[in-house]
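Enquirer: Let me give you the structure first, and then I'll get to my questions.
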Amino acid sequence: MKLYTTSKPISGKESFKNMSNYEELWNWSRSAPVVACEFQKLDRSDASDLLNGSWVVVAGDSQARLIVVSLLNLVLGSEEMESIQGDLFKRHSDYQIVIDEIGLKLDFIWAPYVTNLTVLMMEFKQNRNYPDVLVMGAGLWHMLHMTNPSDYGVSLRLLRDSVVSLLPISPEFDTDGPITGSVSIRSPHLFWLGMPMLINSMLNTEEKREKMTDAILDAYDKELYGSKLLRQSGGPLLLLGIRSLSRKCGTQCTVDGMHYDTVVYEAAVHIMLNALLIESHQKL
617 MKLYTTSKPI
627 SGKESFKNMS
637 NYEELWNWSR
647 SAPVVACEFQ
657 KLDRSDASDL
667 LNGSWVVVAG
677 DSQARLIVVS
687 LLNLVLGSEE
697 MESIQGDLFK
707 RHSDYQIVID
717 EIGLKLDFIW
727 APYVTNLTVL
737 MMEFKQNRNY
747 PDVLVMGAGL
757 WHMLHMTNPS
767 DYGVSLRLLR
777 DSVVSLLPIS
787 PEFDTDGPIT
797 GSVSIRSPHL
807 FWLGMPMLIN
817 SMLNTEEKRE
827 KMTDAILDAY
837 DKELYGSKLL
847 RQSGGPLLLL
857 GIRSLSRKCG
867 TQCTVDGMHY
877 DTVVYEAAVH
887 IMLNALLIES
897 HQKL
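Following this note's numbering, the numbering of the sequence shown begins with 617 at its first residue and continues without gaps.
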């Protein structure tokens with residue numbers, strides 16, 4: 617994927633407080649592997665067709681909320697987005713919307729710690745009711761308030777065990793490949809939202825600048841990759857690499873060194889949607 621910026625000023629973005637004043641654009645790279653995969657840049661109609669009748673749950677911190685914003689930007693009109701921004705941007709709160717035209721139910725669950733995500737998995741299992749698409753991600757709050765990579769790793773492994781226990785399959789894991797098993801009923805599509813690149817000099821408090829360093833972020837990412845939560849290490853969740861995407865966009869895409877402009881999360885949403893296309897064997 618290629619991210620690039622233009623110097624076109626944006627109007628009407630006052631409500632997106634952590635966005636810059638310039639429009640950024642993204643596109644797929646034209647490398648042979650990407651071209652061969654036939655990745656698409658989906659429009660509103662494509663995304664609506666793909667998500668028709670689905671229940672999507674996005675759970676996590678403010679990064680996850682920005683994923684919800686980008687997803688809704690794709691399937692709603694500008695007037696509809698304007699009407700829901702007040703509820704969508706309430707800090708530290710859940711959000712739910714049903715888009716009747718396409719039968720899409722979207723839940724955002726405020727879950728800033730991995731332990732919150734594990735509790736959510738237990739609730740799904742207890743209710744025997746699973747979303748069609750589940751996007752999760754947490755780590756920034758743990759990094760700031762606990763600053764303990766090994767403890768973060770323990771919580772990730774507990775989450776992995778909880779996710780595996782709710783999957784309607786008999787999984788076999790190894791360190792080199794994805795889950796294999798005998799599927800008994802429909803499995804949800806699972807994604808992990810990685811942490812962004814942190815630009816230390818732009819972080820807005822001394823505590824953040826002290827605790828949220830590149831070295832600590834690397835240590836947290838090492839725990840993530842070692843937890844076997846991700847598919848690339850034999851786990852159940854496909855990584856949406858926000859750190860890589862935010863690095864490609866760069867310092868002009870953030871005002872606080874942590875939250876990035878819409879283009880980063882829009883690109884992540886398109887990675888997710890293309891993965892759904894591939895996994896569901898659909899064509900648009």
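Note that beta-carbon positions come from the ideal geometry of N, C-alpha and C, so glycine has one too.
Note that the structure is a prediction, hence the values are computed from the model and not measured.
Report buried or exposed for alanine 754, applying the criterion of at least 16 other Cβ atoms within 10 angstroms of its Cβ.
Expert: buried
Enquirer: Report buried or exposed for alanine 675, applying the criterion of at least 16 other Cβ atoms within 10 angstroms of its Cβ.
Expert: buried
Enquirer: On the three-state DSSP scale, how would you describe histidine 805?
Expert: Taken through DSSP and simplified to helix, strand or coil, histidine 805 comes out as strand.
Enquirer: Going by DSSP, which residues form a beta bridge with glycine 669?
Expert: DSSP, once it has assigned bridges, lists no residue as partnering glycine 669.
Enquirer: Count the other CB atoms within 10 Å of the CB of arginine 707; is the residue buried (16 or more) or exposed (fewer)?
Expert: exposed
Enquirer: With distances taken between CB atoms, is the gap from valine 673 to aspartate 716 smaller than 9 angstroms?
Expert: no
Enquirer: Contact defined as beta carbons within less than 8 angstroms: I believe isoleucine 683 pairs with valine 871. What is the distance between those atoms, to the nearest angstrom?
Expert: Wrong, their Cβ atoms sit about 19 angstroms apart, outside the cutoff.
Enquirer: Please confirm if the region 726-746 is in contact with the region 754-763, defined as three or more CB-CB distances below 8 angstroms between the two stretches.
Expert: At 8 angstroms Cβ cutoff, the stretches touch.
Enquirer: Do you know whose CA, among Gln701, Gly669, Asp830, lies nearest leucine 760's CA?
Expert: Asp830
Enquirer: If you follow the alpha helix (DSSP H) that glutamine 742 is in, where does it begin and where does it stop?
Expert: 730-743
Enquirer: Could you tell me the distance, in whole angstroms, from the CA atom of asparagine 743 to the CA atom of methionine 737?
Expert: Roughly 10 angstroms separates the two Cα atoms.
Enquirer: Which residue marks the beginning of the alpha helix (DSSP H) containing leucine 892, and which one marks its end?
Expert: Taken as a continuous stretch (DSSP letters only), the alpha helix (DSSP H) holding leucine 892 covers 878-895.
Enquirer: How big is the Cα-Cα spacing for cysteine 865 and asparagine 689?
Expert: 19 angstroms
Enquirer: Pop quiz: proline 852 and leucine 806 are said to be a contact at Cβ under 8 angstroms. What is the actual Cβ separation, rounded to whole angstroms?
Expert: 5 angstroms
Enquirer: Quick one: what's got a C-beta closer than 7 angstroms to glutamate 895's C-beta in the same chain, skipping five residues either side?
Expert: Excluding residues within five positions, the ones whose Cβ falls inside 7 angstroms are His805.
Enquirer: Work out the CA separation of tryptophan 726 and lysine 824 for me, nearest whole Å.
Expert: 21 angstroms
Enquirer: What are the start and end residues of each continuous beta strand (DSSP E) run of 3 or more residues lying completely inside the region 693-718, in chain order?
Expert: 711-715
Enquirer: For serine 766, which of Tyr746, Ser670, Ile832 has the nearest alpha-carbon?
Expert: Measuring from the Cα of serine 766, the nearest candidate turns out to be Ile832.
Enquirer: When you compare the region 856-865 with the region 877-884, are there three or more beta-carbon pairs, one atom per stretch, that lie closer than 8 angstroms?
Expert: yes
Enquirer: Return the bridge partner residues of isoleucine 815 from the DSSP annotation.
Expert: DSSP, once it has assigned bridges, lists no residue as partnering isoleucine 815.
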